[in-house]
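Residue numbers (numbering that gives the first Met the number 0), protein chains in the order written: chain A, 0 to 403; chain B, 0 to 253.
Positions of the beta carbon are idealized from the N, C-alpha and C atoms, including for glycine.
Source: prediction; values computed, not measured.
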Amino acid sequence: MTALMRLCCMHSLAHNANADAIYTTFRDTYRIRHRVSRCPHLADGGTMDRRDVNVRTSFRFRDHAGLIARKYVSAVITVTVIVMLSSMMGFGEGFVTNFIIGQCVGTCAFAFTFTALVFLRWKGPLVQMGGAALAMAAGACAGILFGAFISGKDLFFYLPERSELIVQVVILTVMGGSLFRFILNSQEKIRQARERIQAEKIKRLTIEKKVVETNLRLLQAQIEPHFLFNTLSNILSLLDTDVDRGKVMINDLISYLRISLYKTREDMATIGQEMEMTRAYLNIFKIRMGERLSYAIDIPESLRGIPFPPMLIQPLVENAIQHGLEPRIEGGGIRIAASAMPGKLRIDVADSGLGFHEGSHWGVGLTNIKERLDTLYDGKARLVLEENSPNGLLASIEVPHDAG
Amino acid sequence: MTQVRAIIADDEEQLVIYLESMLSRIWPELVICGRAGNGRDALALIESEAPDIAFLDIKMPGLSGMEVAGRCSGNTRVVFITAFNQYAVDAFENEAMDYLLKPVTDERLAKTVSRLKKEMEGDTPPAELKGVIEEVIRAVGHPATPSHLKWIKAQHRDTIRLIHVDDILFFKSSAKYTTVLTADGESLIKKPIKELSDELDPEIFWRVHRGTIINAGCIDKVSHSLTGRLAVKLKGSSEILTVSRSYAHLFKQM
Numbered sequence: 000m001t002a003l004m005r006l007c008c009m010h011s012l013a014h015n016a017n018a019d020a021i022y023t024t025f026r027d028t029y030r031i032r033h034r035v036s037r038c039p040h041l042a043d044g045g046t047m048d049r050r051d052v053n054v055r056t057s058f059r060f061r062d063h064a065g066l067i068a069r070k071y072v073s074a075v076i077t078v079t080v081i082v083m084l085s086s087m088m089g090f091g092e093g094f095v096t097n098f099i100i101g102q103c104v105g106t107c108a109f110a111f112t113f114t115a116l117v118f119l120r121w122k123g124p125l126v127q128m129g130g131a132a133l134a135m136a137a138g139a140c141a142g143i144l145f146g147a148f149i150s151g152k153d154l155f156f157y158l159p160e161r162s163e164l165i166v167q168v169v170i171l172t173v174m175g176g177s178l179f180r181f182i183l184n185s186q187e188k189i190r191q192a193r194e195r196i197q198a199e200k201i202k203r204l205t206i207e208k209k210v211v212e213t214n215l216r217l218l219q220a221q222i223e224p225h226f227l228f229n230t231l232s233n234i235l236s237l238l239d240t241d242v243d244r245g246k247v248m249i250n251d252l253i254s255y256l257r258i259s260l261y262k263t264r265e266d267m268a269t270i271g272q273e274m275e276m277t278r279a280y281l282n283i284f285k286i287r288m289g290e291r292l293s294y295a296i297d298i299p300e301s302l303r304g305i306p307f308p309p310m311l312i313q314p315l316v317e318n319a320i321q322h323g324l325e326p327r328i329e330g331g332g333i334r335i336a337a338s339a340m341p342g343k344l345r346i347d348v349a350d351s352g353l354g355f356h357e358g359s360h361w362g363v364g365l366t367n368i369k370e371r372l373d374t375l376y377d378g379k380a381r382l383v384l385e386e387n388s389p390n391g392l393l394a395s396i397e398v399p400h401d402a403g
Numbered sequence: 000m001t002q003v004r005a006i007i008a009d010d011e012e013q014l015v016i017y018l019e020s021m022l023s024r025i026w027p028e029l030v031i032c033g034r035a036g037n038g039r040d041a042l043a044l045i046e047s048e049a050p051d052i053a054f055l056d057i058k059m060p061g062l063s064g065m066e067v068a069g070r071c072s073g074n075t076r077v078v079f080i081t082a083f084n085q086y087a088v089d090a091f092e093n094e095a096m097d098y099l100l101k102p103v104t105d106e107r108l109a110k111t112v113s114r115l116k117k118e119m120e121g122d123t124p125p126a127e128l129k130g131v132i133e134e135v136i137r138a139v140g141h142p143a144t145p146s147h148l149k150w151i152k153a154q155h156r157d158t159i160r161l162i163h164v165d166d167i168l169f170f171k172s173s174a175k176y177t178t179v180l181t182a183d184g185e186s187l188i189k190k191p192i193k194e195l196s197d198e199l200d201p202e203i204f205w206r207v208h209r210g211t212i213i214n215a216g217c218i219d220k221v222s223h224s225l226t227g228r229l230a231v232k233l234k235g236s237s238e239i240l241t242v243s244r245s246y247a248h249l250f251k252q253m
């Protein structure tokens, strides 16, 4: 019968391990709910799951049913293993009695601990741990009484203990408890790692989807019918009035189309290529807008060979013309400059047009450029927009760059 | 029949020249009595010259061709000129308005010219455009979906910056201004929190306090303070923002 006491002691300590595992999972569940682990508007194309950031104030059993079931099964298995081992080693009163008492202790300890954790879920970790330990001890006692009642054994008859046995029991249970704790925790860790990998995968797929979307939008954007038809109208007119200028304009249109149509399908161009395309684009507008447009491109020779994503500079210029200069009666100027700074490369497009104004799709193109930069450079590049003085807009793209 | 007079308005000079030369071939009797490079000049020209016909480019600085047509009074017939634009074309199809697509072809222009001639011989008055144009401007200028605020104009140190809302961590009201926090630091705007919360996308920007709007995409963690209030910490900011009780429902299970 002392062996039975020993067994009960062991159970309660083994349940310490289980309770601890419940505690960890439970706490993590709540903590994770406090966190929006990724940007909500990146997740599944813009729908936002508010449940991710909910702080629960009421406890609902069915939300945790899975966790409870999982932990209870693992508690039952742990107890069964202990019972089998101890029965084989000749402890206790034979397998059946050991099993009944063991499961009673296990179930009570589990229920008590869990209930305590539900009530203490908003308290600090120390309070939770203390509360869980007390509840577990109370549960274990209740379990012993209950188990003894079911199996018909009188535990209190043998209460006077032999001291050397107690020492053995303590050492044994601490070792056993730690072992179970270790096994359970590593299982928990494996599960968490799997979940992390899954989350990573979702994140990667979301990013890939975004890249495809932005590329598609890019392809659509470059065939701007307004631009093409207006330019062709101008060329038709020049063929009647000024054939030489008409030829120049056709050549500029060809270089613009060639670079933009081919380069969009590639990941990288060079700053030089992008500037040539932009220059062709501006030449076309120079003919179309006449005196109303002036421009200057100032790119140091040393920067021309640096790789740069296609179709970032031209859309900035397009935006400056479309929303800044074309709608302004007097027109204005555009100045493009590139400069290398320690660790970064900066492209400035400054115009003296209308600047920021509400309405008429203002900023759609700029939003697209910003989103493309975010995708291409994973948030390490930026688009800065400032008011130009005395009027107009100064748009700068800054990308990371190692001056080699 | 008296002399028929017309004006041409287009912000691209070359296109004015081109249309004029085409018209001189197709309708040699037509007199071009004025040319304009923007909407404002076009309107002034229509008022001073009172032409029979006005060829108006739709996209012009100052006033658009539509706005000019909507404002001018009198006996002027309007022909719009536009580069390909599906919205505009759809809008025109239903109405008694004539339009030319750029690049203008001889055939299409000849059709318009014969229609104009017929109308003027038959003495049909010009179609009443004002109501129609208001309709079209509404349809074309503002495609239905009202969008949320995307760019915010803010004072950043000694410059005025345009900040994209995605870059904003939170808005906080202070004495006179509203403070905007981004990874670049603080900027100031004049718009009060109340107005902002109406204009921002409520799915992303949550008003958690009378004086605070946060970007929910940047929430790092939410915790209970000692007094039992909710407090929010955002990624990239060390500031802890309290959630007032009346806005705590934002964080509760739906």
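Determine whether the Cβ of K369 (chain A) lies closer than 8 Å to any Cβ atom of chain B.
For this step, residue 369 (chain A) is matched to residue 370 along the first sequence. So, interface residue.
CB-CB length for F169 (chain B) against I212 (chain B), believed under 8 Å
Position 170 of the second sequence, counted from the start, is the residue given in the question as residue 169 (chain B). Position 213 of the second sequence, counted from the start, is the residue given in the question as residue 212 (chain B). Indeed, because the Cβ distance is near 6 Å, the residues count as touching under 8 Å.
Reduced DSSP category for E190 (chain A) - H, G, I as helix; E, B as strand; rest coil
The count along the first sequence starts at 1 and reaches residue 190 (chain A) at position 191. Residue 190 (chain A) is actually Arg in this sequence, not Glu. Helix at R190 (chain A).
List, in order along the chain, the chain A residues whose C-beta lies closer than 9 Å to that of K110 (chain B)?
If you number the second sequence from 1, residue 110 (chain B) lands on position 111. The contacting residues do not exist; K110 (chain B) stays about 18 Å from chain A at best.
Taking 8 Å as the threshold (beta carbon to beta carbon), is T240 (chain A) in contact with chain B?
Position 241 of the first sequence, counting from 1, holds the residue named residue 240 (chain A). For T240 (chain A), a Cβ of chain B is located within less than 8 Å of the residue's own Cβ.
Under 7 Å between beta-carbons, which chain A residues line up against P60 (chain B)? List them in chain order, please.
In the second sequence, counting from the first residue as 1, residue 60 (chain B) sits at position 61. What P60 (chain B) touches in chain A: E325, P326, R327, I328.
How many angstroms separate the CA atom of I143 (chain A) from the CA atom of V104 (chain A)?
For this step, residue 143 (chain A) is matched to residue 144 along the first sequence. For this step, residue 104 (chain A) is matched to residue 105 along the first sequence. Near 6 Å, if we compare the C-alpha coordinates of V104 (chain A) and I143 (chain A).
Between the alpha carbons of A339 (chain A) and V398 (chain A), how many angstroms are there, rounded?
As a working mapping, residue 339 (chain A) is identified with position 340 in the first sequence. As a working mapping, residue 398 (chain A) is identified with position 399 in the first sequence. Distance from the CA of A339 (chain A) to the CA of V398 (chain A), rounded to the nearest whole angstrom, comes to 10 Å.
So which residues of chain B does E386 (chain A) contact, with C-beta pairs closer than 7 Å?
Taking the first sequence and counting its residues from 1, the one referred to as residue 386 (chain A) is at position 387. In chain order, T158, I159 make up the part of chain B whose C-beta sits under 7 Å from the C-beta of E386 (chain A).
Can you give the Cα-Cα distance for P306 (chain A) and I25 (chain B), rounded to whole angstroms?
As a working mapping, residue 306 (chain A) is identified with position 307 in the first sequence. As a working mapping, residue 25 (chain B) is identified with position 26 in the second sequence. Going from the Cα of P306 (chain A) to the Cα of I25 (chain B) covers about 53 Å.
Give the DSSP-derived three-state secondary structure of K32 (chain B) in the structure shown.
Taking the first residue of the second sequence as position 1, residue 32 (chain B) is located at position 33. It should be noted that the sequence gives Cys, not Lys, for residue 32 (chain B). Under the three-state reduction of DSSP output, C32 (chain B) falls in the strand class.
Let me confirm a value: V35 (chain A) is counted as buried when at least 16 other C-beta atoms fall within 10 Å, else exposed. Which label applies?
Along the first sequence, read from residue 1 onward, the residue named residue 35 (chain A) stands at position 36. Per-residue confidence for V35 (chain A) stands at a pLDDT of 37, beneath the threshold of 50, marking its modelled position as unreliable; no derived number is given.
So, do the stretch 266 to 273 of chain A and the stretch 196 to 215 of chain A have three or more beta carbon pairs nearer to each other than 8 Å?
no
Chain A contact for E28 (chain B) (CB, 8 Å cutoff)
Mapped onto the second sequence, residue 28 (chain B) falls at position 29. No, E28 (chain B) does not count as interfacial toward chain A.
With 8 Å as the threshold, decide whether the Cβ of L187 (chain B) is near any Cβ in chain A.
Here residue 187 (chain B) refers to the residue found at position 188 of the second sequence. Judged by the 8 Å Cβ criterion, L187 (chain B) is not in contact with chain A.
Per the contact definition of three or more C-beta pairs closer than 8 Å, is the stretch 50 to 65 of chain B in contact with the stretch 5 to 12 of chain B?
yes
Taking the Cβ atom as the reference point for each residue, do R287 (chain A) and N229 (chain A) lie within a distance shorter than 8 Å?
Position 288 of the first sequence, counting from 1, holds the residue named residue 287 (chain A). Position 230 of the first sequence, counting from 1, holds the residue named residue 229 (chain A). Against a cut-off of 8 Å, the Cβ pair of N229 (chain A) and R287 (chain A) comes out as a contact.
For T177 (chain B), collect the residues of the same chain with a Cβ closer than 8 Å to its Cβ; drop the 5 residues on either side in sequence, then sort them by chain order.
For the purposes of this step, residue 177 (chain B) is taken as the residue at position 178 of the second sequence. For T177 (chain B), where only same-chain residues beyond five positions count, the Cβ hits under 8 Å are F170, K171, L187, I188, K189, K190, P191, I192, L195.
Take E28 (chain B) and list the residues in its own chain whose beta-carbon comes closer than 8 Å to its own, dropping the five residues that flank it on each side.
Translated into positions along the second sequence, residue 28 (chain B) becomes position 29. Q2, V3.
Going straight from the alpha carbon of V30 (chain B) to that of E118 (chain B), what length do you get?
Position 31 of the second sequence, counting from 1, holds the residue named residue 30 (chain B). Position 119 of the second sequence, counting from 1, holds the residue named residue 118 (chain B). One C-alpha to the other measures close to 17 Å.
Minimum length 4: unbroken alpha helix (DSSP H) runs contained in the stretch 230 to 309 of chain A
The stretch 230 to 309 of chain A contains these whole alpha helix (DSSP H) runs: 242 to 262, 270 to 288.
For the beta strand (DSSP E) that Y17 (chain B) lies in, which residues bound it at each end?
In the second sequence, counting from the first residue as 1, residue 17 (chain B) sits at position 18. No beta strand (DSSP E) contains Y17 (chain B), which is instead part of the alpha helix (DSSP H) from 12 to 25.
Could you confirm whether any beta carbon from chain A is found closer than 8 Å to the beta carbon of A143 (chain B)?
Numbered from its first residue, the second sequence carries residue 143 (chain B) at position 144. With a pLDDT of only 47 at A143 (chain B), under 50, the local geometry of the prediction cannot be trusted, and the value read off the model is given with reservation. No, its Cβ sits nowhere closer than 8 Å to a Cβ of chain A.
Label Y261 (chain A) either buried or exposed according to how many other C-beta atoms from any shown protein chain fall within 10 Å of its C-beta, with 16 as the threshold for buried.
For this step, residue 261 (chain A) is matched to residue 262 along the first sequence. Exposed, since its Cβ has fewer than 16 Cβ neighbours within 10 Å.
Select from A:I76, A:K70, A:V383 the residue whose C-alpha is nearest the C-alpha of L404 (chain A).
In the structure as shown, chain A starts at 0 and stops at 403, and residue 404 (chain A) therefore has no counterpart that could be examined.
Compare the C-beta of R34 (chain A) with all C-beta atoms of chain B and state if any pair is closer than 8 Å.
If you number the first sequence from 1, residue 34 (chain A) lands on position 35. Bear in mind that a pLDDT of 39 at R34 (chain A), under 50, signals an unreliable position, so the model cannot answer this.
For A153 (chain B) and L240 (chain B), the rounded distance between their alpha carbons
Here residue 240 (chain B) is taken as the residue at index 241 of the second sequence, counted from 1. Here residue 153 (chain B) is taken as the residue at index 154 of the second sequence, counted from 1. Going from the Cα of L240 (chain B) to the Cα of A153 (chain B) covers about 22 Å.
Does chain A have any CB closer than 8 Å to the CB of H147 (chain B)?
Residue 147 (chain B) sits at position 148 when you count from the first residue of the second sequence. Not closer than 8 Å to any Cβ of chain A, the Cβ of H147 (chain B) fails to qualify, so no.
Across the stretch 327 to 335 of chain A and the stretch 291 to 300 of chain A, are there enough close Cβ pairs to call them in contact, namely three or more that are closer than 8 Å?
yes
Is the CB of P191 (chain B) under 8 Å away from at least one CB in chain A?
As a first step, residue 191 (chain B) is located in the second sequence; it is residue number 192 there, counting from the start. No, P191 (chain B) does not count as interfacial toward chain A.
From which residue to which residue does the alpha helix (DSSP H) around N367 (chain A) run?
By one-based count along the first sequence, residue 367 (chain A) stands at place 368. Looking at the DSSP string, the run of the alpha helix (DSSP H) that includes N367 (chain A) is 363 to 376.
If the cut is a Cβ gap below 9 Å, which residues of chain A does H248 (chain B) touch?
Numbered from its first residue, the second sequence carries residue 248 (chain B) at position 249. Those do not exist, as H248 (chain B) stays about 10 Å from chain A at its closest Cβ, beyond 9 Å.
In chain C, which residues lie less than 7 Å from F228 (chain A) when you measure between Cβ atoms?
This model lacks chain C altogether; the protein chains it does include are A and B.
Which partner residues of K232 (chain B) appear in the DSSP bridge assignment?
On the second sequence, residue 232 (chain B) is found 233 positions in, with the first residue counted as 1. Here K232 (chain B) is bridged, per DSSP, to B:K220, B:I239.
Can you give me the C-alpha to C-alpha distance between L252 (chain A) and E357 (chain A), rounded to a whole angstrom?
Locating residue 252 (chain A) in the first sequence gives position 253, counting from the first residue. Locating residue 357 (chain A) in the first sequence gives position 358, counting from the first residue. Approximately 32 Å, taken between the alpha carbons.
Could you compute how far the alpha carbon of G342 (chain A) sits from the alpha carbon of D183 (chain B)?
Residue 342 (chain A) sits at position 343 when you count from the first residue of the first sequence. Residue 183 (chain B) sits at position 184 when you count from the first residue of the second sequence. Going by the C-alpha atoms only, they are around 17 Å apart.
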